[in-house]
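Numbering-wise (my numbering), the sequence shown opens with residue 104 and increments by one.
No residue lacks a Cβ here, since even glycine has one placed at the ideal position from N, Cα and C.
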Amino acid sequence: MRPVPTPGTYPVRFGTAELLHDADRPNGWMISVDGVAQSHVNLDDPTDLEFDYVRRIADVVDCLGEGPLDALHVGGAACTLPRYIAATRPRSRQLVFDADGELVALVREQLGLKGLKVRVGDGREGVSARYDASADLVIVDAFERGVLAGGLATVEFTNEIARVLRPAGTYVANVSDGPNLPFLRRFLATLATSFPHLALLAEPGVLRGRRFGNIVVAASRIELPVKDLTRRAASSAYPARCVAGNDLRDLQGKAKPVTDAEALPSPTPPKDVFGIF
Numbered sequence: 104m105r106p107v108p109t110p111g112t113y114p115v116r117f118g119t120a121e122l123l124h125d126a127d128r129p130n131g132w133m134i135s136v137d138g139v140a141q142s143h144v145n146l147d148d149p150t151d152l153e154f155d156y157v158r159r160i161a162d163v164v165d166c167l168g169e170g171p172l173d174a175l176h177v178g179g180a181a182c183t184l185p186r187y188i189a190a191t192r193p194r195s196r197q198l199v200f201d202a203d204g205e206l207v208a209l210v211r212e213q214l215g216l217k218g219l220k221v222r223v224g225d226g227r228e229g230v231s232a233r234y235d236a237s238a239d240l241v242i243v244d245a246f247e248r249g250v251l252a253g254g255l256a257t258v259e260f261t262n263e264i265a266r267v268l269r270p271a272g273t274y275v276a277n278v279s280d281g282p283n284l285p286f287l288r289r290f291l292a293t294l295a296t297s298f299p300h301l302a303l304l305a306e307p308g309v310l311r312g313r314r315f316g317n318i319v320v321a322a323s324r325i326e327l328p329v330k331d332l333t334r335r336a337a338s339s340a341y342p343a344r345c346v347a348g349n350d351l352r353d354l355q356g357k358a359k360p361v362t363d364a365e366a367l368p369s370p371t372p373p374k375d376v377f378g379i380f
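This is the structure we're talking about:
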């Protein structure tokens, strides 16, 4: 029997983690690090996804046909998405890379990681060590203090992801940006160097540059399920837009890809944008 989690604060590699009980769910839990929300999990129902951007990533996963997946995750925290895939696609083989060993140990002790393979270490190095054409899905959602590390948004790392993915595989990334979306535009240009098909999902206010927020980007060598993603996004409790094709190319504009020589990190979010509830 799994022990009952203990709310409180815990020192981890990248700051101070706080484990909070969700008053609306008997077995719902939130983890934040230095006040920035990292993960929400419902231990009774791994398909219950609290964060809207996580639901958007799950929508992409749900639209990738049927059956188990070989998936790599860069960034884990409480492993919300690996738990979701394990529940919705039994027999999937998943490997999670997370650089914060203390946070992984906290999650393992307090929230459990039964059936999930989590490896402590640099996610980029972990992906680069995988065999060619060995994954169906790569998900990158690795933030430190609200910022995506620059080394995860470069042409060189994108090439590694493309190498590891099977020909029909899908790369999904969570990024964040603010007014005029300068980082997103360059990230799209970066992905386009390896993947001919791109789509993104975000709230209209974020896409219009009215506020800072998350954008989920999907990339593949084959056509993405844009119609299904558009329908799911529009019917969500918090409606989002799906942008692809010419509209996405217009958004990307003349932005230049990011290389390791520059390693541009995502912008620092305004205070409290990604705060806990």
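Whole-number beta carbon distance between residue j and residue i, since they are thought to touch under 8 angstroms
i: residue 227; j: residue 260; result: 6 angstroms
i: residue 322; j: residue 294; result: 5 angstroms
i: residue 189; j: residue 218; result: 6 angstroms
Counterpart residues of residue i in DSSP-defined beta bridges
i: residue 345; result: 304
i: residue 113; result: 120
i: residue 268; result: 238
i: residue 352; result: For residue 352, which the question treats as bridged, DSSP gives no partner whatsoever.
i: residue 205; result: Residue 205 is not bridged to any residue.
i: residue 200; result: 177 and 222
i: residue 243; result: 177 and 276
i: residue 210; result: For residue 210, which the question treats as bridged, DSSP gives no partner whatsoever.
Contacts around residue i, its chain only, beta-carbon distance under 6 angstroms, and the 5 residues preceding and following it disregarded
i: residue 333; result: 345
i: residue 380; result: With a pLDDT of only 37 at residue 380, under 50, the local geometry of the prediction cannot be trusted, and no value is derived from it.
i: residue 290; result: 256 and 278
i: residue 300; result: 323, 326 and 327
i: residue 355; result: 288, 291 and 292
Cβ-based neighbour list, residue i, same chain, cut-off 7 angstroms, excluding 5 preceding and 5 following
i: residue 110; result: 122, 123 and 124
i: residue 257; result: 293, 361, 362, 363 and 366
i: residue 373; result: 315
Cut-off 8 angstroms between Cβ atoms - residues of its own chain near residue i, not counting five sequence neighbours on either side
i: residue 165; result: 191 and 335
i: residue 160; result: 184, 242, 244, 275, 277 and 319
i: residue 114; result: 120 and 205
i: residue 296; result: 258, 261, 262 and 360
Exercise. Are the stretch 231-243 and the stretch 172-192 touching by the rule of at least three beta carbon pairs closer than 8 angstroms?
Worked result: Short answer: they touch.
Exercise. Between the stretch 194-211 and the stretch 113-123, are three or more C-beta pairs nearer than 8 angstroms?
Worked result: Yes, the stretch 194-211 touches the stretch 113-123.
Exercise. Taking three-plus beta-carbon pairs below 8 angstroms as touching, is the stretch 218-232 in contact with the stretch 261-281?
Worked result: Yes, they touch.
For this session: For the stretch 271-333, list the beta strand (DSSP E) runs that are entirely contained and at least 3 residues long, ordered along the chain.
Result: Here the runs fully enclosed are 300-305 and 316-323.
Exercise. Are the stretch 147-154 and the stretch 126-139 touching, with three or more C-beta to C-beta distances below 8 angstroms?
Worked result: Contact holds: three or more Cβ-Cβ distances are below 8 angstroms.
Problem set entry | Segments assigned alpha helix (DSSP H), at least 4 residues, entirely inside the stretch 137-174 | Within the stretch 137-174, the complete alpha helix (DSSP H) segments of 4 residues or longer fall at 155-165, listed in chain order.
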